[in-house]
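A.B. asks: What follows is a single structure, and I will ask about it in a moment.
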Amino acid sequence: MDFSHSERVQGLRERLLRFMRDEIVPAEPVYAAQLAGGSDWRAWRQPAVMETLKAKAREAGLWNLFLPEAEFGPGLSNVEYAPLAEIMGHSFIAPEVFNCNAPDTGNMEVLVRYGTPAQRERWLQPLLDGRIRSAFCMTEPDVASSDATNMRATARLEGDEVVLDGRKWWSTGIGHPHCRFAIFMGMGVPDAPPHQRHTMVICPLDAPGVRVERMLPVFHDYDEPSGHGEVSFTNVRLPADHIVLGSGRGFEIAQGRLGPGRIHHCMRAIGAAERALSLLCARASSRTAFGKPLAELGGNADVVADLRIAIEQARLLTLKAAWLIDTEGVKAAMSEISQIKVVAPMVAQQAADAAMQVHGGAGVSDDFPLAALYAYARVLRLADGPDEVHRALVAKLEFKAQAKARA
Ligand SMILES: Cc1cc2nc3c(=O)[nH]c(=O)nc-3n(C[C@H](O)[C@H](O)[C@H](O)COP(=O)(O)OP(=O)(O)OC[C@H]3O[C@@H](n4cnc5c(N)ncnc54)[C@H](O)[C@@H]3O)c2cc1C
Numbered sequence: 001m002d003f004s005h006s007e008r009v010q011g012l013r014e015r016l017l018r019f020m021r022d023e024i025v026p027a028e029p030v031y032a033a034q035l036a037g038g039s040d041w042r043a044w045r046q047p048a049v050m051e052t053l054k055a056k057a058r059e060a061g062l063w064n065l066f067l068p069e070a071e072f073g074p075g076l077s078n079v080e081y082a083p084l085a086e087i088m089g090h091s092f093i094a095p096e097v098f099n100c101n102a103p104d105t106g107n108m109e110v111l112v113r114y115g116t117p118a119q120r121e122r123w124l125q126p127l128l129d130g131r132i133r134s135a136f137c138m139t140e141p142d143v144a145s146s147d148a149t150n151m152r153a154t155a156r157l158e159g160d161e162v163v164l165d166g167r168k169w170w171s172t173g174i175g176h177p178h179c180r181f182a183i184f185m186g187m188g189v190p191d192a193p194p195h196q197r198h199t200m201v202i203c204p205l206d207a208p209g210v211r212v213e214r215m216l217p218v219f220h221d222y223d224e225p226s227g228h229g230e231v232s233f234t235n236v237r238l239p240a241d242h243i244v245l246g247s248g249r250g251f252e253i254a255q256g257r258l259g260p261g262r263i264h265h266c267m268r269a270i271g272a273a274e275r276a277l278s279l280l281c282a283r284a285s286s287r288t289a290f291g292k293p294l295a296e297l298g299g300n301a302d303v304v305a306d307l308r309i310a311i312e313q314a315r316l317l318t319l320k321a322a323w324l325i326d327t328e329g330v331k332a333a334m335s336e337i338s339q340i341k342v343v344a345p346m347v348a349q350q351a352a353d354a355a356m357q358v359h360g361g362a363g364v365s366d367d368f369p370l371a372a373l374y375a376y377a378r379v380l381r382l383a384d385g386p387d388e389v390h391r392a393l394v395a396k397l398e399f400k401a402q403a404k405a406r407a
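Following this line, the structure appears as structure tokens:
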């Protein structure tokens, strides 16, 4: 395995690092000040500085870096994209600046791979241009959605229409003032085998019957202006050409949707862990207690060493998973993908937790991004699939491989 940066990636890395330092980090407080700052999501607006940054990033060629298809950007492999996504993980606002933010990235992957020419023109192109945003509506309040075959919402075909009914929640991005559509997943072929029952449908948010009921706070924060919505779909009638790929083919798409994009969150989590560690070290070196820098007190040096070791391990596992996806495909990488989904958010959470501790009271305030980094990492242990579900897959594949080796 070779994880060294190609010349092209080295160049992109340098430009990205410069952009982060010169444009994004100084803009973070400006972005925060430009948020509407309320729980009434209808009043949320896109901070003007985000649009300025997006225009500059696009101009600089730092745009749509996540798509492996050369038609839409530099066409990077997963191993090439990983160090760039890691850099973006240092800042909450960075992924959107480079048009590399979830869930738009997953939705763009769906439309690139499965969209009809008309769907691509109407929905993909404005997403690629960063003119609109989108949501992905799978999880439901009434069923354990970590088992996606539980989904009860329906997407019934009636003549030349598809009719959506049901309730979804944790629809990230649906509060964004630029959000124009959601990819809705619902039961379309109830009598088919479990993984051939569900259908993905492009649902414009202004379709009659779509209602955002509320935004869900995450650790008391609404993640303005994207938000996480609870959304009801009541007799939403759409032309059948809004179906993606075909009725009952939702899981087939989900495999592809989460294909190359499966580990983007992990790559960014490594960046979040690095930011927490660098804040920890700066604080521990500059603040004194009991006559010594905090760095020299108690077990703080061990804390730093253990975090460095954990981050290096997590990065190598991320790169191994990326390399396997690139060279042998998602199927061959299933165990490593699940392994890193357990490890990366955990390491980011540990790093944020340790950095908060070294910062004392300041660590849990909003004067530093640590509380937000902690929440981000903690949430990822659910939002990208619960840890236990990933562990279950690792164990299943391990038993299978061991049985094969014994046979
Ligand atoms: C901030 C945030 C953003 C999100 N964004 C989106 C989005 O944009 N679109 C979307 O559709 N969904 C989104 N989700 C939903 C997320 O994907 C689900 O919360 C997740 O899949 C778990 O489903 P659930 O909440 O129904 O938990 P449940 O399925 O009820 O599971 C609860 C718990 O049961 C345990 N459990 C489950 N399976 C196993 C197992 N095999 N072994 C052992 N224990 C197990 C785990 O501890 C798990 O956490 C988001 C969630 C959050 C918190």
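For the sequence shown, position 11 matches number 11 in our numbering, and the numbering has no gaps at all. Virtual Cβ for every residue (Gly too), placed ideally from N, Cα, C.
Quick one: what's got a C-beta closer than 8 Å to Asn150's C-beta in the same chain, skipping five residues either side?
C.D. replies: Within the same chain, Asn150 has close Cβ partners Glu140, Val143 and Ala144.
A.B. asks: Would you kindly report the start and end of the unbroken beta strand (DSSP E) that includes Leu164?
C.D. replies: Segment Glu161 to Thr172, the beta strand (DSSP E) holding Leu164.
A.B. asks: For the beta strand (DSSP E) that Ser4 lies in, which residues bound it at each end?
C.D. replies: Run containing Ser4: none; DSSP gives neither H nor E here.
A.B. asks: Would DSSP call Arg268 helix, strand or coil?
C.D. replies: DSSP places Arg268 in helix when its eight states are reduced to three.
A.B. asks: Quick check: the Cα distance between Val343 and Ile270, rounded to an integer number of angstroms?
C.D. replies: Going from the Cα of Val343 to the Cα of Ile270 covers about 10 Å.
A.B. asks: For a quick check, are the C-beta atoms of Glu14 and Ser91 less than 9 Å apart?
C.D. replies: No; because the gap between Cβ atoms is not below 9 Å, this pair is not in contact.
A.B. asks: Considering only the alpha carbon of each residue, which of His228, Ser6 and Asn78 lies closest to Ser39?
C.D. replies: The shortest C-alpha separation from Ser39 is found at His228.
A.B. asks: Please state whether DSSP places Asp302 in a helix, a strand or coil.
C.D. replies: Asp302: helix per DSSP, three-state reduction.
A.B. asks: By the three-class DSSP mapping on this structure, what secondary structure does Cys100 have?
C.D. replies: In the structure shown, Cys100 sits in coil (DSSP, three-state: anything other than H, G, I, E or B).
A.B. asks: Work out the CA separation of Arg8 and Ser77 for me, nearest whole Å.
C.D. replies: Straight-line Cα distance between these residues: approximately 12 Å.
A.B. asks: Taking one C-beta from the region 287-297 and one from the region 96-108 each time, how about it: are there three or more such pairs within less than 8 Å?
C.D. replies: Flag = no, the region 287-297 and the region 96-108 do not touch.
A.B. asks: Taking just the CA atoms, how far does Asp165 sit from Ser171?
C.D. replies: One C-alpha to the other measures close to 16 Å.
A.B. asks: Pick helix, strand or coil for His228, following the three-state DSSP scheme.
C.D. replies: Here His228 sits in strand by DSSP.
A.B. asks: Who pairs with Ile243 in a beta bridge, going by DSSP?
C.D. replies: In DSSP, Ile243 forms a bridge with Val201.
A.B. asks: Three or more beta-carbon pairs under 8 Å between the region 109-125 and the region 152-160, yes or no?
C.D. replies: They do not touch, by the three-pair rule.
A.B. asks: Are there any heavy atoms of ligand 1 lying less than 8 Å away from the beta-carbon of His220, as far as the coordinates show?
C.D. replies: False, no ligand heavy atom lies under 8 Å from that Cβ.
A.B. asks: Any heavy atom of ligand 1 within a distance shorter than 8 Å of the CB on Phe136?
C.D. replies: Checking every heavy atom of ligand 1 against the Cβ of Phe136, one is found closer than 8 Å.
A.B. asks: Looking only at C-alpha atoms, which of Met334, Glu161 and Val162 sits nearest to Ala401?
C.D. replies: Checked all of Met334, Glu161 and Val162; the closest Cα to Ala401 is Met334.
A.B. asks: Could you give the first and the last residue of the continuous alpha helix (DSSP H) run that contains Leu157?
C.D. replies: Segment Thr154 to Glu158 is the beta strand (DSSP E) holding Leu157; no alpha helix (DSSP H) there.
A.B. asks: Nearest CA to the CA of Glu69: which residue from Ala351, Val110 and Arg237?
C.D. replies: That would be Val110, whose Cα lies nearest to the Cα of Glu69.
A.B. asks: Per DSSP, which one or two residues make a beta bridge with Cys137?
C.D. replies: Note: Cys137 sits in a beta bridge opposite Phe184.
A.B. asks: So does Leu370 have its beta carbon nearer than 8 Å to some heavy atom of ligand 1?
C.D. replies: Every heavy atom of ligand 1 is 8 Å or more from the Cβ of Leu370, so no.
A.B. asks: Considering only heavy atoms of ligand 1, does any lie closer than 8 Å to the CB of Pro386?
C.D. replies: Within the cutoff, so yes.
A.B. asks: For Lys292, list the residues DSSP reports as bridge partners.
C.D. replies: Its beta-bridge partners are Ala289.
A.B. asks: With 16 as the cutoff for other CB atoms within 10 Å, does Ala289 come out buried or exposed?
C.D. replies: Classification of Ala289: exposed, given that the 10 Å Cβ count is below 16.
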